[in-house]
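S.K.: Sequential numbering from 1 applies to the sequence shown in the UniProt record's numbering.
Where a beta carbon is used, it is the ideal one built from N, C-alpha and C, also for glycine.
All of these numbers come straight from a predicted model, not from anything done at the bench.
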Amino acid sequence: MSDDWQDAAFSSRHIHNNRGNKSKRSTFDVRKTFGSYEVKCPAWQKLEDVSSDQAASLELYRMTENGEGVVGELTMPGALIAAVVLAASRESLRRTVEIVEDEDDDEDEDDDEEEDEEEPNRFETFEKNSFRSPKFWFRWSGTPTSLRPSSPKLSRKASESDDVETGLGYIVFVGNDCRKFKGTLNCEALSWKDVAITGHKIAARSESDVPVAWGRGRVAI
1 MSDDWQDAAF
11 SSRHIHNNRG
21 NKSKRSTFDV
31 RKTFGSYEVK
41 CPAWQKLEDV
51 SSDQAASLEL
61 YRMTENGEGV
71 VGELTMPGAL
81 IAAVVLAASR
91 ESLRRTVEIV
101 EDEDDDEDED
111 DDEEEDEEEP
121 NRFETFEKNS
131 FRSPKFWFRW
141 SGTPTSLRPS
151 SPKLSRKASE
161 SDDVETGLGY
171 IVFVGNDCRK
181 FKGTLNCEAL
191 SWKDVAITGH
201 KIAARSESDV
211 PVAWGRGRVA
221 I
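Listed below in structure tokens is the structure:
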């Protein structure tokens, strides 16, 4: 898939001025992303299985274990339910997803002393590897449950397949308080390419350990 849309969306990085209070005000705190968002997507709303009283949502819960991403879930009733991982660059997203997909549950047992330090260290890692601005790439992993009514062949394919699929997208939060975002979403099974999505926060949250499973192996992330 071409990265032209991605390059255009993230062609400029957030530049920091390290002088005085101005730099402190401009610093992005990734924990501001945690919360529940109502999502709007015209392509989703056009699906025949979607009713006007249904709502799509994005839930963002916590940092990934490697400190380079944010874990969440995207729910679009009648279309897609997926785990999502957000990261501040394509490279950090690639690294994070590779770690998740290579996970074999052989956790070290000698890290008890470091347990209390894990959370702040993850936030520090994110700051070191991010643009320190509210722009994120994301990858989703889930099962599309519907397709456009204009594509009966694809609809049959979807109904006959329970395979877990993945796709890409990006979101840009409007301001460091992360109250609203806009972006795009891709889903090959739904014939979605860079379809527009927007969202607004309906509830903030602290870091949460809500279970999220990734991929065919249902790996906990």
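1. What first and last residue would you give for the alpha helix (DSSP H) that runs through A43?
2. Using C-beta distances below 6 Å, list every residue in its chain close to V174, excluding the 5 sequence neighbours before and after it, in chain order.
3. Give me the Cβ distance between H177 and K46, rounded to the nearest whole Å; I'm assuming they're in contact under 8 Å.
4. Quick check on DSSP: helix, strand or coil for R205?
5. Going by DSSP in three states, S92 sits in which element: helix, strand or coil?
6. Run the CB neighbour count on P42, radius 10 Å, all protein chains shown included, and call it buried at 16 or more, exposed below.
7. What is the rounded straight-line gap between the Cα of E165 and the Cα of F28?
8. Determine the extent of the beta strand (DSSP E) in which S57 is found, giving its start and end residues.
9. What whole-angstrom Cβ distance do I221 and V100 have, given they're in contact under 8 Å?
10. Can you check which of these residues, G35, L80 and V70, is closest to L190 by C-alpha distance?
11. On the DSSP letters alone, give me the boundaries of the beta strand (DSSP E) that S144 sits inside.
12. Given this structure, state the Cα-to-Cα distance separating S208 from R94, to the nearest angstrom.
13. Can you tell me which of the three DSSP states T184 falls into?
14. Who are the near neighbours of T96 in its chain, counting only those whose CB is closer than 7 Å to its CB and skipping five residues on each side?
15. So what does DSSP say about T33, is it helix, strand or coil?
16. Given P211, which residues of its chain have a CB within under 7 Å of its CB, disregarding the five upstream and five downstream residues?
M.R.: The short version:
1. Taking the first residue of the sequence shown as position 1, residue 43 is located at position 43. Start and end: P42 to Q45.
2. Within the sequence shown, residue 174 is the residue found at index 174, counting from 1. Cβ within range, chain order: K180.
3. Taking the sequence shown and counting its residues from 1, one reaches residue 177 at position 177. Taking the sequence shown and counting its residues from 1, one reaches residue 46 at position 46. According to the sequence provided, residue 177 is Asp. The question's His does not apply to it. At roughly 31 Å, the Cβ-Cβ gap does not stay under 8 Å, so D177 and K46 are not in contact.
4. Your numbering for residue 205 matches position 205 in the sequence shown. Three-state result, R205: coil.
5. For the purposes of this step, residue 92 is identified with residue 92 of the sequence shown, where counting begins at 1. If DSSP states are grouped into helix, strand and coil, S92 belongs with the helices.
6. Taking the first residue of the sequence shown as position 1, residue 42 is located at position 42. Exposed, since its Cβ has fewer than 16 Cβ neighbours within 10 Å.
7. Position 165 of the sequence shown holds residue 165. Position 28 of the sequence shown holds residue 28. Spanning the two alpha carbons is a distance of roughly 32 Å.
8. For the purposes of this step, residue 57 is taken as residue 57 along the sequence shown, with counting starting at 1. Unbroken beta strand (DSSP E) run through S57: A56 to M63.
9. One-based indexing of the sequence shown puts residue 221 at position 221. One-based indexing of the sequence shown puts residue 100 at position 100. Right, the Cβ-Cβ distance comes to about 5 Å (below 8 Å), so this counts as a contact.
10. Position 190 of the sequence shown, counting from 1, holds the residue named residue 190. The shortest Cα separation from L190 among G35, L80 and V70 belongs to L80.
11. Numbered from 1 along the sequence shown, position 144 holds the residue referred to as residue 144. With the sequence shown as reference, residue 144 is identified as Pro, and Ser is not the correct amino acid for it. Counting along the chain, the beta strand (DSSP E) containing P144 begins and ends at K135 to P144.
12. Here residue 208 refers to the residue found at position 208 when the sequence shown is read from its first residue. Here residue 94 refers to the residue found at position 94 when the sequence shown is read from its first residue. Cα to Cα, the separation comes out at about 23 Å.
13. Position 184 of the sequence shown, counting from 1, holds the residue named residue 184. Strand, per DSSP.
14. As a working mapping, residue 96 is identified with position 96 in the sequence shown. Taken in chain order, the residues that qualify are T64, N66, E68, G69, V85 and A87.
15. Looking up residue 33 in the sequence shown gives position 33. The answer is helix: DSSP assigns T33 an H, G or I state.
16. Locating residue 211 in the sequence shown gives position 211, where the first residue counts as 1. Once the five neighbours on either side are set aside, the close Cβ partners of P211 are A220.
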